[in-house]
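Using my numbering, read the sequence shown as starting at 146 and increasing by one per residue.
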Amino acid sequence: ENKEQIEISRIYERMANPALQSVAEFMDDKIYYRKK
């Protein structure tokens, strides 16, 4: 019934901690911080 939703949630559960992932991307210059 909700197999697609379960599959998506499993993918996200396997991903690294979002905070750690974003710090790693910031350090690799994949994302940047823009001051106003």
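Glycine residues also receive a C-beta, built at the ideal position from the N, C-alpha and C atoms.
Considering only residues of the same chain and omitting the five flanking positions on each side of L165, which have a CB-CB separation below 7 Å?
The sequence position of residue 165 within the sequence shown is 20, counting from 1. Excluding residues within five positions, none has a Cβ falling inside 7 Å.
With DSSP as the reference, label R179 as helix, strand or coil.
One-based indexing of the sequence shown puts residue 179 at position 34. Correct three-state label for R179: coil.
Out of curiosity, what's the CA-to-CA distance linking P163 and N147?
Residue 163 sits at position 18 when you count from the first residue of the sequence shown. Residue 147 sits at position 2 when you count from the first residue of the sequence shown. Taking the straight line from one Cα to the other gives about 25 Å.
How far does the alpha helix (DSSP H) with A161 in it extend, from its first residue to its last?
The residue given as residue 161 occupies position 16 in the sequence shown. Taken as a continuous stretch (DSSP letters only), A161 belongs to no alpha helix (DSSP H), as it is neither H nor E.
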